[in-house]
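As numbered in mature numbering (1 follows the signal peptide of the UniProt record, and there is no 0), residues -22 to -1, 1 to 789 make up the sequence shown, in order. Idealized CB from N, CA, C, for every residue including glycine. Below is one structure, written out as C-alpha cells; the observations come after it.
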Amino acid sequence: MARLAQWFAAALVIGIAAAAEGESILTAEIGRQNNQSLFWGPYKPNLYFGVRPRTPDGLWTGLMWSKVDAYGEVQNGFRYTCEQGEHAHGYGWDEFDARYGGIQTIHDKGNQIDITTSFVKVPGGEHGGSWAARIKGVPRDGASEDMTTMLYYYIAQDGQGNLLVETDRAEFGFAGDVTLKGRSKSLGEYTLVITEGKGRHPTTDHDLAKWRKTDTTLVHTLELPEHELWQAKAAVFKLLQAAAMEIQHDYEEDNAPFPWQVYRIANSPGHGNAHVVQKTFQGEFEFDVIFSSDSAGKQLASSDVTRETKRTSELFGQRFSRIFDFKAPFDDSKYLKFGKSMFSNLLGGVGYFHGEQIIDRSYAEEYEEDDDRFWEGAAEARGRQKAAPEGPYELFTSVPSRPFFPRGFLWDEGFHLMPIADWDMDLALDVVKSWYNTMDEDGWIPREQILGHEARSKVPPEFQIQYPHYANPPTLFLVIEDFMEQLRKFNGSGKAKKETLSQEDGLHDAHLKNTELGESYLRNIYPLLQRQYQWFRRTQRGDVKTYDREAFSTREAYRWRGRTETHCLTSGLDDYPRPSPPSPGELHVDLLAWVGLMTKSLINIADALGIAEDVADMEKNLEAIEHNLNDLHWSEKEGCYCDASLDDFEEHTLVCHKGYVSIMPFLVGLMKPKDPKLGKILDLVGDEEHLFSPYGIRSLSKQSEFYGTEENYWRSPIWMPMNYLAVKQLHYFATQSGPHSQKARDLYIRLRKNLVNTVYNSWEDTGFAWEQYNPETGAGQRTQHFTGWTSLVVKIMTMEDLEGKKSHDEL
C-alpha cells in the first residue's frame, strides 16, 4: 500500500480551494490524483516503446535498435514503429497497469534478440511524478554470443521548452551516464539520465577504432522544425548516412571497417529540441532511462528502478488474479499467462493523441443520399475536396492494433473498454470523457480519429477525411450503462463512501466507491449522451411514410449513410452483404438495434438520475423500436431479422443475408426470454450449416451466395466482439426462466469453449492475437497483434462455467 499512500499523501490545499468554489474536497482531490497517476505512460502505441505525457507540449521518447554485424542489416532490421511481418514472434506487454507501469517483451527473430522494456512510474511533486525504463537485450537461441546491436534512444521536446545535455563532453563520447536537463510549462524542471548500463562492447584492431570507440555513448543534438520532430527514424537515418559518407572514400571493399564502426553517429551534444543517444553492445546488455521531476524532490537511481519494477510486477499479479478470476475449464496456469498477455496488451495500447483532423463540413446536397444512385453523387461530392483541417483535438484512447491501426476507432472503443473497466473503471471513464470531448455541437463524433501528421502517416489519403453525416455503432453506451449498474450495486451494498479519502482508496474505482463522484460523472455525461442519441435519430432516419410501410411507428426506422454498392463502412461491418442495388428506401436492422440499445441505456441512466420525464419519453421510443423491429424487419419465413428495401414496385421487401446483421437485436439485448422469435434466432446461431463453427460464430451463413467472396472481410470470418455479445446474451437466457433456457445453456457452454481455444491456440502458435479467425481452421488472420477487441477473450474466461449445472427451468 506504500505507493497508494504516496498518491494520496498530497496536501488537500487544492481540494479546499475547489470546495470554496462549489466543488467538494473529495471530487477535486481524486480528480487531481487521477490526472497525476495517468500523466505519464507508453502513450505512443505506434512505437515498440515510446513514452509521453498526456499533454500536447511535453517531453517524449522512443526506442530504436538494429543488429549490425553485416552491411544492410541497419536498413532491413531497423526497429522503431510497430510493424507487421515475420521479423517478430510476438511482442507486447506481459504485465501492465496504467497507474504503475509494466514489462514488455519483444521477440525480434529478425535481429536475433529478445528485448525487454520495463516501465515504472513513481509519484510525487506537481507534474505527474517521475518515471523510468530499463532496456534489456538477450540474444535469442542460436544467435552468436558476439552479435552486435546498436540502440538509439530518441528524446524530443514538443512545443516551448528547454532541453540540453548537461554532462561534459568527452573526446570520443560519454564513458558513463548521460544527463539532460529540461524545463517546460507542463513539466516544470526535470532531469533525464541515460545510464552507462551493463554489457560488452565490440573491439577491433582496425585503425577506425582510434577515433570510433564503441565503449562510449554518443549523443547528437538537433533543432528540428515542429512538423518534423515526430519523424525520428528519418532523423537517425540522416545521421547514419552522414557517418557512412564520412569514411566511404577512404576504404575499399577488401579493407572495409566493421558495420558497427561505420554506423556511429557524430558525437555532438548541446541544446536543442531533439537528442539522439546511441549505444553499441555485443551480446547481452542492459541500461536505464530515468526521468526525475524536480518538483518530486529526490532524483531516481537504478536501484529505485529495480525496486519499483519488482513492486509493480507483484501488484499486477495480485490484482489480476483478483479482478479476472478465470472459471473452468480455463483455470489452468497456461490460460493465466495468456490472459495476462491479452489484457496487458489491450491496456498497454492506450495512447494520447493530439493534432488536427481532416473534416468535410461542406454539407453537400448529395450527402443527403436521396437520389436513386445516391452513392455516385456522394462520391462526386467527396471528390470536390471540400475537407479542411480542424482542431487541434486531443484524444486519450486505446487502439485496435499497434502496428496497423494506431489511432482511435469509435465503435471499437466501447469493446476495448469492457475489460479495462473491470480493471480500472476510473481510467475507462476518463477515456469515455475524452471521446465525448471531441463531439461537435450537433452531437457527431468522428468515427475514426486521425490526429496529427504522425497518425495520418499510417492512413491512406482516401480514408483520412471524416464526414459529419457518418455514424458508427455507439458502443460507448455499453460502458456507461455498465458503470451505472455497478454504481447502483455499490450504493445498495452499503460500500459507497461519500466524504472520505483514505490511503486505502485506489484510483482504479474511486468513481464507484464514492457516490458523489460517480453520480457527478453520470450527470455531466448524460446531456452528451442525449445529444449523440438525438443526432443519430435525426441524421440516420429511414423513410417509412413515403413508401406506405405498415409499422407501429413512422419515426423509428434507420439507414446508415455512407453506403456504396459493395460496402457500408459506417456500420462497422464493411463488406457485409446489403440490399443490392442500394436504395434511398433501405432500412438497416442493425442500426435500428443500435438505436434501441442507446434508448434502453438512456432509460436506465435517466432512471438512476431520477429524470422521470426523460424515462417516460424514451420508454415510448423503446416501445416503438421493439414493435418496428418486428413490423419492418422480422421474416417469419427465414426465422431471423433482415434489412429492408424496395421491390420493383417500390413496395417494402425484406432482403435476408443470414449472419451478424440478422441476429443483431439478440446481440444487443433487445429480445425477451419468452419471445417466440428467440427460439428461431438460437436455432440459426447454433446451426453448423449456417453460423455455428468449432471456432466461433461465423459472420455470414455458409449457405449465403456471398460466403467467402470478394474481400471476405465480414463474409465468413469469426469476429470476437460479436461473439462476445452472443456469449453474454446466451448466458443471460440460460439463467432466465423461459422455454429456450436449455438451448441457450448448451450453446453458451460450447461457444465459450470454442472462442477461448480459438484465440489461445493461435496465440500459442504465432505469438499474436489477430483481427479475425478463419471459420474453417480457426487460424488467426488479417491484422497481426490485434489486441483491441480480441482481448474480450479475457472477459469470456471469467464468465460462469455452466457445465454440469442445470438450466433455470430445470431448477
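- Here the alpha carbon of V522 sits roughly 57 Å from the alpha carbon of V98.
- Sorting L293, D72 and E683 by C-alpha distance to the C-alpha of T95 places D72 at the top.
- Measuring C-alpha to C-alpha distances from N690 to each of D552, V734, K615 and A712 identifies D552 as the nearest.
- DSSP places F387 in the strand class (E or B) of the three-state scheme.
- The three-state secondary structure of E494, taken from DSSP, is helix.
- DSSP, read as helix, strand or coil, puts M642 in helix.
- Nearest to V772 by C-alpha distance, out of F393, Q219 and Q226, is F393.
- From the listed residues Y371, L278 and A111, the smallest Cα separation to D266 is found for A111.
- Contact annotation, M42 with Y168: C-beta distance approximately 22 Å; criterion of less than 8 Å not satisfied.
- With 16 or more other Cβ atoms inside 10 Å of its own Cβ, M642 counts as buried.
- Listed as beta-bridge partners of F670 by DSSP are I675.
- Judged by their CB atoms, N606 and S531 are nearer to each other than the 7 Å cut-off.
- S561 carries a coil assignment under DSSP once its states are collapsed to helix, strand and coil.
- Distance from the CA of W741 to the CA of E64, rounded to the nearest whole angstrom, comes to 15 Å.
- A direct Cα-Cα distance of roughly 9 Å separates S271 from L278.
- Here M417 carries a coil assignment [DSSP, helix/strand/coil].
- Burial check for F383: the Cβ neighbour count within 10 Å reaches 16 or more, so the residue is buried.
- The DSSP assignment places no complete run of the alpha helix (DSSP H) inside the region 150 to 198 (cut-off: 4 residues).
- About 17 Å separates the Cβ atoms of L454 and Y371, ruling out a contact at the 8 Å cut-off.
- Only exposed fits E543, as fewer than 16 other CB atoms lie within 10 angstroms of its CB.
- For the 7 Å CB-CB criterion, Q464 and L506 do not form a contact.
- Secondary structure of H486 (DSSP, three-state): coil.
- Boundaries of the alpha helix (DSSP H) harbouring H431: G430 to R434, taken from the DSSP string.
- DSSP places N690 in the coil class of the three-state scheme, outside both helix and strand.
- The residue from P381, M777, D92 and N140 with its alpha-carbon nearest to that of Q62 is P381.
- In the three-state DSSP reduction, Y504 falls in the helix class (H, G or I).
- When C-beta atoms of the region 746 to 763 are compared with those of the region 717 to 730, fewer than three pairs fall below 8 Å, so the two segments do not count as touching.
- In the structure shown, G68 falls within a strand segment according to DSSP collapsed to helix, strand and coil.
- Selection G261, R242, G88 and K114 evaluated against S122 yields G261 as nearest (Cα-Cα).
- It is roughly 14 Å from the alpha-carbon of C634 to the alpha-carbon of R693.
- Cβ-Cβ distances below 8 Å link D408 to N12, L16 and F374 in the same chain, with the five nearest sequence neighbours on each side left out; the list follows chain order.
- N599 is positioned such that its CB atom lies no closer than 7 Å to that of E459.
- Looking at the DSSP output, F269 shares a beta bridge with W109 and L170.
- Of the residues V116, I675, H67 and M462, the one whose Cα lies closest to the Cα of A584 is M462.
- In the three-state DSSP reduction, M223 falls in the helix class (H, G or I).
- In this structure, the beta-carbon distance from G36 to S164 falls below 7 Å.
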